[in-house]
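Numbering (the numbering used here), first residue to last: 32 to 452.
Ideal placement from N, C-alpha and C gives every residue a C-beta, glycine not left out.
Predicted model, so just to flag it, every value in this text is computed and none were measured.
Shown next, in structure tokens, is the structure this report addresses.
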Ligand code: NAI
């Protein structure tokens, strides 16, 4: 009988037949979601011979929900994601200029899904703008709840903006607002708690998956007390008891270099690497964007703030073939709540044409399977995608960039994957 996943202290208890809510999504959601779920079902069946399965439960959101219930995000949908702990969603459109907050942001905030996790890897055969996409294999942990993205901003000319500017200048002695009369104002909250929980999750992920490093990406040279503090807190986390003997940080390297010289520090770093410790280091955000093009093999797990994470995720996704095939998840690693999602939008121009590529959602589903510890099923999906793409069996978006490829519709591509499992 299908049952709910339960969670105790962040640890999931997954029944053999778990109920998982899904949002079909707007636009191409109807094209990609049903075939994607079929691929996940087939991978589970192949890996576990019926011993483990998922019962999908559709919950309304977006335009479909608006038509049926009059609301874009009914309370019952939020409740379902809370109640069933883990869910998956297709793309949702955000009406522009209607003062409506993005449904995606609402879901993330209501469930406090503090990590936006984006694995970025290349599948052989996928067209890429870089020479060596095979060197890109990163896991981006983007902080999802704070930073300038918290939505605390006030338009120039409003009483709120005027009040804040008056407070800053009259009471705080701020003189750096270049054009005080006409400035809009935004606030950038970055907390110790929020930063540390994100970085802790990133280091745990590196240890669990035996990944070589965690890089803290920040702009602390300019924003010392927000981004700089993020970096400092990150190095503190690396030294927490939980990670004793499992990490070695750039800060430790520098301490050894200062006390015993560079040779001793280099040798400590070399032994840490040889012992399989996770190296915790940091890079300034602008340099990081350059580094990921020049030396992508130097980076593995990335922990970064919300805005940097947004840029970094899309730039890296582009190096391995674009956001159409990049998966994502929003996770609260402390409570266990998680929503896996296609990272692209609703692609209005190709709705119903069979051109939509379901790979982003299928890979997000594979991440969901890994999250439930169904690693064998997830690996079957990765191999099936690799096989299809390396043979040139692809949807229109990739077909147009690959010579000699065979054009497959959304449904045909999903069926190819099932056949490849
Ligand atoms: P988009 O991602 O929908 O489209 C950008 C381009 O990529 C278009 O050329 C589109 O045809 C193509 N594309 C996207 N997904 C594809 C797929 N799976 N297969 C093949 N081609 C694909 O971004 P856009 O046009 O900026 O946004 C459209 C709507 O989607 C907006 O309402 C926006 O708010 C929403 N959106 C929702 C997201 C989410 O739910 N996570 C993320 C991004 C946008």
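Between the ligand NAI and residue 122, a heavy atom-to-CB distance of less than 7 Å is present.
Apart from the 5 residues on each side of it in sequence, residue 452 sits with its Cβ closer than 7 Å to the Cβ of 73, 74, 77, 411 and 415 in its chain, given in chain order. In this structure the stretch 151-166 does not lie against the stretch 80-100, because fewer than three pairs of beta carbons, one per stretch, are closer than 8 Å. Proximity to residue 193 across 295, 214 and 330 peaks at 214, based on C-alpha coordinates. Counting the other Cβ atoms within 10 Å of the Cβ of residue 318 gives fewer than 16, which makes it exposed.
For residue 361, the distance from the CB to the nearest heavy atom of the ligand NAI is not below 7 Å. Looking from the CA of residue 371, the closest CA among 36, 291, 45 and 359 belongs to 359. Looking at the DSSP output, residue 245 sits in a beta bridge with 311 and 332. Residue environment for residue 203: exposed (fewer than 16 other C-beta atoms within 10 angstroms of its C-beta). Remark: C-beta atoms of residue 210 and residue 195 do not approach each other more closely than 8 Å. With a cutoff of 8 Å on beta-carbon distance, residue 313 and residue 254 are scored as not near each other. Listed in chain order, the non-local C-beta contacts of residue 229 below 7 Å within the same chain comprise 145, 146, 172, 174 and 334, local neighbours out to five positions each way being set aside.
When beta bridges are read from the DSSP output, residue 88 appears opposite 52. A distance below 8 Å separates the beta carbons of residue 347 and residue 151.
By the Cβ criterion, the stretch 361-368 is not in contact with the stretch 268-279, since fewer than three pairs of Cβ atoms, one from each stretch, lie closer than 8 Å.
The beta carbons of residue 66 and residue 389 sit closer together than 8 Å. When distances are taken from the beta-carbon of residue 168 to the heavy atoms of the ligand NAI, even the shortest one reaches 7 Å or more.
When the Cα atoms are used, residue 264 and residue 300 turn out to be separated by approximately 21 Å. In this structure, DSSP gives residue 379 a helical state, which the three-state scheme calls helix. 8 Å or more divides the Cβ of residue 45 from the Cβ of residue 400. Taking the C-beta atoms as reference points, residue 302 is found no nearer than 8 Å to residue 357. Residue 444 sits in a helix when the DSSP states are folded into three classes. Distance from the C-beta of residue 367 to the nearest heavy atom of the ligand NAI is not below 7 Å. When rounded, the separation of the alpha-carbon atoms in residue 233 and residue 212 is 42 Å. Residue 394 and residue 167 have their alpha carbons spaced roughly 17 Å apart. At a Cβ-Cβ threshold of 8 Å, residue 62 and residue 445 do not count as neighbours. Using a Cβ distance threshold of 8 Å, residue 311 and residue 245 count as a contacting pair.
DSSP, reduced to helix, strand and coil, places residue 134 within a helical segment of the structure shown.
Taking 8 Å as the cut-off, the Cβ atoms of residue 343 and residue 159 do not count as close. For residue 362, the enclosing beta strand (DSSP E) begins and ends at 358-362. Residue environment for residue 164: buried (at least 16 other C-beta atoms within 10 angstroms of its C-beta).
Following the DSSP letters along the chain, one finds residue 43 inside the beta strand (DSSP E) bounded by residues 42-44. Residue 119 places its beta carbon 8 Å or farther from that of residue 382. Taking every protein chain shown into account, the CB of residue 384 has fewer than 16 other CB atoms within 10 angstroms, so this residue is exposed. The C-alpha of residue 182 is placed about 21 Å away from the C-alpha of residue 197.
In this structure, residue 43 and residue 116 form a Cβ contact; the two beta carbons are roughly 7 Å apart against a cut-off of 8 Å.
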